[in-house]
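Below is one structure, written out as structure tokens, with a few remarks after it.
There are 2 protein chains.
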Amino acid sequence: MTAAAKRRRLSPEEREAQIVDGAIRFFAEVGFAGQTRELAQRLGITQPLLYRYFPTKQDLIERVYEEVFIGRWKPEWEALISDRALPLRERLIAFYRAYAADALTYEWIRIYMFAGLAGENLNRRYIELLEGRLLIPVCTEIRHAAGAPRPDRLPISGLEIEAAWNIHAAVFYYFVRKFIYRARVEPDLAAYIADTVDRTLDGALAVTRRWAEVPCRKAAV
Amino acid sequence: MTAAAKRRRLSPEEREAQIVDGAIRFFAEVGFAGQTRELAQRLGITQPLLYRYFPTKQDLIERVYEEVFIGRWKPEWEALISDRALPLRERLIAFYRAYAADALTYEWIRIYMFAGLAGENLNRRYIELLEGRLLIPVCTEIRHAAGAPRPDRLPISGLEIEAAWNIHAAVFYYFVRKFIYRARVEPDLAAYIADTVDRTLDGALAVTRRWAEVPCRKAAV
DNA sequence: CCTGCTAATGATCGTACGATCAATATAAAC
DNA sequence: GTTTATATTGATCGTACGATCATTAGCAGG
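Chains as they are written, first to last, in this note's numbering: chain A, 4 to 224; chain B, 4 to 224.
This is the structure we're talking about:
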């Protein structure tokens, strides 16, 4: 950076992609109060160039939201959760490994938290998506594993949803500690996820049995 | 606020307390990027007055950290956790009810998260406090409840700590959903805490039994 | 090699914001 | 009521930051 970097002329598509990519990393690190000049400097371009591609800073931010949160959800995850050829424990472990790899990244976690603190609706919408596509299917599978009635015969209770949230919270909080608090965490993520599913699934099965008044027996999980 | 509010002259102690109090609420709401002018306006004072009490904005922020995080930890909580006159389940429920009431408030949760995202060391220090004063005592009590050896005979494993974190994470995440994502949560907090402790404690006991190779029997919890 | 299109830049504008300071007014002391 | 100490204010400074625009220069087409 000592000598003035030679001016490079990219196609609009390339440049836009580069800006969005850099913005995701930049805003994830410093928050949306980060300055456009500093972002530009990190990208090796001038600040006014940003405004050729995004009319305002807010437009760029919304593009970052889109890029990070839209399309990271993979429909095959839903199929995985419901695939009764595998034991539920295995399905949950496989799901959370995939989810951690694709969704719970440094950028995702931090931008998600910044968005929440900024009062964006994004998080509420994401939580609704999660309840519909993950937690309710998980509760349904827990019902099955516990030998309890299907949800269409006995509605899923708030407590069962909270039990499913506990599984999710345990995984999520691991990444909050890692990427937000920068605390030491168990280094073996795969082992952590397996153990976490074991612990939290036990509790969820117990909740469901209690709710559905299924006699307490060892179910085939 | 239509007519100019009459100038009121408070004792330095009163005014300082008022500013700190207002700053906690203000920064919890909008983050530390919030403007001193707006804070002053909410307090009904002029912006330069802030600078009579705090040399810089950063000094005020650090005072807010102090006020919120120092001294909210109550030593009697540690006594409660270790009081074997009560069943462990009851102790944990009582602790988390008290902790939620005194620590996991709107201001606390949001300032804690803002501080984490800003890269403050505060959170790491708090996590260390929590491990030493809460999680390790909890693990010790779980050992006792599970009929497993005391920590001085068999060191507490990383997995046991993570299991204790799961109890904590489940309670904590409830408040993150409530105060950061502003999502709907189970309205009956007392019931939520009781159920959460039930679910997560089961898993933690199982982890400890597995680790300590205690034959799987129904322990007196 | 020349030409034209437009990606990219440098200079700059307006405002917001942290911070400062001399001037003012309030409450306590007598 | 008068005086005095100081809490509080109004005016203002310097800079940072989002945004704008005329100018410059890289690359494709001929």
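Every residue gets a Cβ at the ideal spot worked out from N, C-alpha and C, and that includes glycine. Predicted, not measured: the structure shown is a model, and the values here were computed from it.
Use the C-beta contact count for residue i: other C-beta atoms within 10 angstroms, 16 or more gives buried, fewer gives exposed.
{"i": "D191(A)", "result": "exposed"}
{"i": "I73(A)", "result": "exposed"}
{"i": "E216(B)", "result": "exposed"}
{"i": "P51(A)", "result": "exposed"}
{"i": "R220(B)", "result": "Because R220(B) sits at a pLDDT of 48, beneath the cut-off of 50, its placement in the model cannot be relied upon, and the following sentence gives the value as read from the coordinates. R220(B) comes out exposed."}
{"i": "G34(A)", "result": "buried"}
{"i": "S14(A)", "result": "exposed"}
{"i": "T199(A)", "result": "buried"}
{"i": "R10(A)", "result": "exposed"}
{"i": "L132(B)", "result": "exposed"}
{"i": "T49(B)", "result": "exposed"}
{"i": "L208(B)", "result": "buried"}
{"i": "L58(B)", "result": "Looking at the sequence shown, residue 58(B) is not Leu but Pro. Exposed."}
Measure from the C-beta of residue i to each C-beta in chain A and report whether the shortest distance is under 7 Å.
{"i": "Y176(B)", "result": "yes"}
{"i": "E41(B)", "result": "no"}
{"i": "A226(B)", "result": "Past the boundaries of the shown model lies residue 226(B); chain B is included only from 4 to 224, so the question cannot be answered."}
{"i": "A6(B)", "result": "Interpretation of A6(B) is limited by its pLDDT of 47, a score under 50 that renders its predicted location unreliable; no figure is taken from the coordinates."}
{"i": "I27(B)", "result": "no"}
{"i": "I183(B)", "result": "yes"}
{"i": "A172(B)", "result": "yes"}
{"i": "E189(B)", "result": "yes"}
{"i": "I130(B)", "result": "yes"}
{"i": "A1(B)", "result": "There is no way to answer for residue 1(B), as the model of chain B reaches only from 4 to 224."}
{"i": "A31(B)", "result": "no"}
{"i": "R18(B)", "result": "no"}
Helix, strand or coil for residue i? Go by DSSP, reduced to three states.
{"i": "P158(A)", "result": "coil"}
{"i": "Y102(A)", "result": "helix"}
{"i": "W214(B)", "result": "helix"}
{"i": "V188(A)", "result": "coil"}
{"i": "P58(B)", "result": "coil"}
{"i": "E123(B)", "result": "coil"}
{"i": "T143(B)", "result": "helix"}
{"i": "A223(B)", "result": "Summary for A223(B): the model assigns pLDDT 46, below 50, so the residue's position carries little reliability; its value from the coordinates is reported in the next sentence. Coil at A223(B), not helix or strand."}
{"i": "A167(A)", "result": "helix"}
{"i": "A172(B)", "result": "helix"}
{"i": "G47(A)", "result": "coil"}
{"i": "R11(B)", "result": "coil"}
{"i": "L208(A)", "result": "helix"}
{"i": "P28(A)", "result": "Note that residue 28(A) corresponds to Arg in the displayed sequence, not to Pro. Note: R28(A) maps to helix in three-state DSSP."}
{"i": "W80(A)", "result": "helix"}
{"i": "A88(A)", "result": "coil"}
{"i": "F72(A)", "result": "helix"}
{"i": "A149(B)", "result": "coil"}
{"i": "G135(A)", "result": "helix"}
{"i": "F117(A)", "result": "helix"}
{"i": "M4(B)", "result": "Unreliable positioning characterises M4(B) in this predicted model, as indicated by a pLDDT of 38, which lies under 50. The coordinate reading is nonetheless provided below. Of the three classes helix, strand and coil, the one that applies to M4(B) here is coil, per DSSP."}
Answer with yes or no whether the minimum CB distance from residue i to chain B is below 7 Å.
{"i": "R127(A)", "result": "yes"}
{"i": "Y54(A)", "result": "no"}
{"i": "G74(A)", "result": "no"}
{"i": "G37(A)", "result": "no"}
{"i": "A186(A)", "result": "yes"}
{"i": "G206(A)", "result": "yes"}
Between the beta-carbon of residue i and the beta-carbon of residue j, is there less than 7 Å?
{"i": "L107(B)", "j": "F178(B)", "result": "yes"}
{"i": "I130(B)", "j": "F182(B)", "result": "no"}
{"i": "A173(B)", "j": "R180(B)", "result": "no"}
{"i": "G135(A)", "j": "G206(B)", "result": "no"}
{"i": "F98(B)", "j": "L120(B)", "result": "no"}
{"i": "I22(A)", "j": "Y56(A)", "result": "yes"}
{"i": "A149(B)", "j": "R100(B)", "result": "no"}
{"i": "H96(B)", "j": "V67(B)", "result": "According to the sequence shown, residue 96(B) is Ile rather than His. No. Outside cutoff."}
{"i": "V210(B)", "j": "A166(B)", "result": "yes"}
{"i": "N109(A)", "j": "R127(B)", "result": "Before going on, a small fix: residue 109(A) reads as Tyr here, not Asn. Result no, Cβ atoms of Y109(A) and R127(B) do not sit closer than 7 Å."}
{"i": "I159(A)", "j": "T203(A)", "result": "no"}
{"i": "L91(B)", "j": "E144(B)", "result": "yes"}
{"i": "E189(B)", "j": "G161(A)", "result": "yes"}
{"i": "A43(A)", "j": "A36(B)", "result": "no"}
{"i": "I114(A)", "j": "L138(A)", "result": "no"}
Point to revise | Near-chain B residues of the stretch 193 to 204 of chain A - C-beta to any C-beta below 9 Å | key: A194, Y195, D198, T199, D201, R202, T203, L204
**Study point:** Residues of the stretch 91 to 118 of chain B whose Cβ lies closer than 8 Å to any Cβ of chain A, in chain order
**Key:** R113, M116, F117
Point to revise | Contacting positions in the stretch 150 to 166 of chain A - beta carbon closer than 7 Å to chain B | key: G161, L162, E165, A166
Check your understanding: Name the residues in the stretch 132 to 145 of chain B whose C-beta lies less than 8 Å from a C-beta of chain A; which are they?
Key -> none
Review point. Can you list, in chain order, the residues of the stretch 56 to 71 of chain A whose Cβ is nearer than 7 Å to any Cβ on chain B?
Key: none
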